[in-house]
Amino acid sequence: MQNIVVVGAGQAGASLVARLRAKGFTGSVTLVGEEAEAPYQRPPLSKGYLLGEMPLERLLLRAASFYEEQKITLKTGTRVSSIDREGKRVLLADGTALPYDALALTTGSRPRMLAPVIGGDLEGLYPVRGLTDVDAMAKEFREGARALIVGGGYIGLEAAAVASKLGLKVTLLEAAPRILQRVAAPETSDWFRALHRAHGVDLREGMGLAKLLGRDGRVCGAELADGSTIEADFAIIGIGIHPDVTLADAAGIALDNGIAVDMHGRTSDPAIYAAGDCASFPYRGHRIRLESVQNAIDQAEAVADTMLGAEEPYVPKPWFWSDQYDVKLQIAGLNTGYDRVVVRPGSREGTQSVWYYHGETLLAVDAMNEPRAYMQGKRWIEAGISPAPEGVADATKELKSLV
Amino acid sequence: MAKITYIEHNGTEHVVDVPNGMTVMEGARDNGIPGIDADCGGACACSTCHVYVDPAWTDRLPAKDDMEIDMLDFAWNPGETSRLTCQLRVTDALDGLVVRMPEKQI
Ligand SMILES: Cc1cc2nc3c(=O)[nH]c(=O)nc-3n(C[C@H](O)[C@H](O)[C@H](O)COP(=O)(O)OP(=O)(O)OC[C@H]3O[C@@H](n4cnc5c(N)ncnc54)[C@H](O)[C@@H]3O)c2cc1C
Ligand code: FES
């Protein structure tokens, strides 16, 4: 193999090309990305960067010189428009073609937006996915401005925390009965609801958006499911993402909630691989797709290794974090399929951990300002060890003493 | 600005200037120095930016907060002089700092 092309210069793409060189691959490596910047970290976009505490240079995953030093051709601001599988080449938007022996798709995901019939085409609406979104939003973050946040997932909640810290008046709408419903237990939702309310966020759960209201083409408020209305100067849309399968779909590659890959990151075309937010893969008898830095890095590295002949399957060791106000939430494991939750009071004021079990098996831990619980839980989950739930619930017992 | 010496586990030394306000982790990242993974990008969530600080420096660095202490406890083979480099912010006072990488990060 002489020629590796990677499409999508985000977290996964950057990890993949770096891994190829770290493992000694000497052939040609090209990383093509649509965005103007070299690969950067997205997590700070709804945290430190939005807060204005982190300049652009610090967001970059690697210094710009890294790619040159490693003889990686980085083409930023370049969209791939299609894949010619027969001819084994990708076509760029400017008409040029790049041949490949192996191709990786690390195209990430796109934010869901609201339909135009309910005001989704108004001005003053912002998703939180890329630098351009967040840079465009910055001018709205004036003290006293009224921010409407649609969606109570991690991104919506982080944006709410930043906005309220900067002195904006924040209303957050969640259509489901509780915030974080899709990703966490009620105990964790309760914790974050209390946190946001304590910071003055008007948090409304079980409250759908009927439509956004506009004036002169710009959002000025919203009508809610119960017929009431609220005013807003701008709106942040945090209602989830969908995997970006555009290229794979057009090329006839098998899809299943994302680009379907096997345990080694191979798609239905043996010369094409996928990793990160865009890829779904087999895990414990199901097919899952993860939207996290951990998965983007580890799956991309597994794909690089597979390309170079390794046979180790990718088995994720999931972890995630979220920063809201002065709370750091750290999550180890995947809680899917839990049937029991144990709350462990924290070791310090304002801390707590939530432990997810299926029967007696520990699946996941949400730790709020409680890194010990996170790290210990992570170790146990990765080792397949399950401490007795009763022991975990007893804060007078040291975690380490339980197993 | 501080001159910082990063010593890889295999003994390879890198001496670089890191601007004030950056972290010791970012100094390694931006200079392409291997051995510090920093998977979480400095959020104090991964403990893959662990180093051993030269013993002459342990008392000269800003104290660890609770979060760093607890995360370090679970880093790979932590010791007395262990620090998370993403929590060490560079100032002139760090000029001459020497850090050594562990054999691996996790
Ligand atoms: C605001 C925000 C906060 C987050 N916070 C956290 C967090 O705290 N912890 C955590 O673990 N995860 C967090 N995440 C998730 C994490 O950032 C993603 O899971 C990760 O970035 C996925 O990496 P990726 O490489 O798969 O996709 P991306 O990083 O999205 O990269 C995909 C790239 O491919 C490009 N692309 C797509 N199609 C084409 C094409 N045809 N041609 C050229 N380029 C193309 C896109 O422009 C994009 O740059 C957050 C995400 C966001 C948006
Ligand atoms: S970079 Fe993740 S803990 Fe330091």
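If you read the protein sequences in the order shown, they are chains A and B.
End of the first sequence sits at 464 in the numbering used here; the numbers just go up one at a time, nothing left out.
End of the second sequence sits at 126 in the numbering used here; the numbers just go up one at a time, nothing left out.
No residue lacks a Cβ here, since even glycine has one placed at the ideal position from N, Cα and C.
- Neighbours of A:Trp382 in chain B, taken as residues at a C-beta separation under 8 Å, are given in chain order as Cys60, Ala63 and Ala65.
- For A:Ser353, the distance from the CB to the nearest heavy atom of ligand 1 is below 6 Å.
- Taking non-hydrogen atoms of ligand 2 into account, the C-beta of B:Cys106 is found less than 6 Å away from one of them.
- Boundaries of the alpha helix (DSSP H) around A:Thr249: Pro247 to Ala259.
- Cβ contact annotation for B:Lys124 (same chain, cutoff 7 Å, sequence separation greater than five): Trp96, in chain order.
- Contact of A:Phe127 with chain B is assigned, a C-beta pair being separated by under 7 Å.
- Here the region 446-455 of chain A makes no contact with the region 59-75 of chain B; the two share fewer than three CB pairs at distances below 8 Å.
- Here A:Asn396 carries a coil assignment [DSSP, helix/strand/coil].
- Excluding residues up to 5 positions away in sequence, Thr68 and Gln125 lie with their Cβ nearer than 6 Å to the Cβ of B:Asp57 in the same chain.
- Taking the Cβ of B:Asp86 as the reference point, every heavy atom of ligand 1 lies at 6 Å or farther away.
- Less than 7 Å separates the beta-carbon of A:Lys108 from that of A:Asp384.
- Looking at B:Gly52, B:Gly41 and B:Glu100, the one whose alpha-carbon comes closest to that of B:Tyr26 is B:Gly52.
- Restricting attention to beta strand (DSSP E) runs no shorter than 3 residues, the region 128-179 of chain A encloses them at 133-136, 141-145, 150-153, 158-160, 163-166 and 170-172, ordered along the chain.
- Rounded to whole angstroms, the separation of the alpha carbons of A:Phe342 and A:Met268 is 34 Å.
- Ranked by how close their Cα comes to the Cα of B:Arg120, the residues B:Ala22, B:Gly47 and B:Val71 have B:Val71 in first place.
- A:Gly94 sits buried, since 16 or more C-beta atoms from the chains shown fall within 10 Å of its C-beta.
- For A:Asn64, there is no enclosing alpha helix (DSSP H); the enclosing beta strand (DSSP E) has its first and last residue at Asn64 to Val68.
- By DSSP's assignment, A:His419 forms a beta bridge with A:Thr422.
- Chain A has no Cβ within less than 7 Å of the Cβ of B:Met45.
- For A:Lys272, the enclosing beta strand (DSSP E) stretches over residues Leu270 to Arg276.
- In this structure, A:Arg103 has its beta carbon less than 6 Å from a heavy atom of ligand 1.
- Within the DSSP bridge table, the entry for A:Arg401 names A:Tyr418 as partners.
- In its chain, beyond the 5 residues on either side, Ala393 and Val426 have a beta carbon closer than 6 Å to the beta carbon of A:Gly438.
- The continuous stretches of alpha helix (DSSP H) do not include A:Tyr344, which lies in the beta strand (DSSP E) extending over residues Ala340 to Tyr344.
- Distances from the CA of A:Ile65 to each of A:Ala246, A:Gly138, A:Leu308 and A:Pro160 were compared; the closest alpha carbon is that of A:Pro160.
- Inclusion of A:Ala246 and A:Val415 in the CB contact set at 7 Å is warranted, their separation being smaller than that value.
- Under a criterion of Cβ atoms nearer than 7 Å, no residue of chain A is adjacent to B:Met121; the nearest Cβ is some 15 Å distant.
- Rounded to the nearest angstrom, the gap between the Cα atoms of A:Val403 and A:Pro172 is 33 Å.
- Here the alpha carbon of A:Ala296 sits roughly 27 Å from the alpha carbon of A:Gln72.
- A:Ala335 is bridged by DSSP to A:Leu166.
- With the rule of 3 Cβ pairs closer than 8 Å, the region 358-371 of chain A counts as touching the region 82-89 of chain A.
- The beta carbon of B:Asp112 does not come within 7 Å of any beta carbon belonging to chain A, so the residue lies off that interface.
- DSSP, reduced to helix, strand and coil, places A:Ile446 outside both helices and strands of the structure shown, so it counts as coil.
- In this structure, A:Leu166 lies away from A:Ala332, with their beta-carbon atoms at least 7 Å apart.
- Excluding sequence positions up to five before and after A:Glu235, its CB lies within less than 6 Å of the CB of Gly213 and Glu266, all in the same chain and listed in chain order.
- In this structure, A:Gly445 keeps its C-beta atom at 7 Å or more from the C-beta atom of A:His419.
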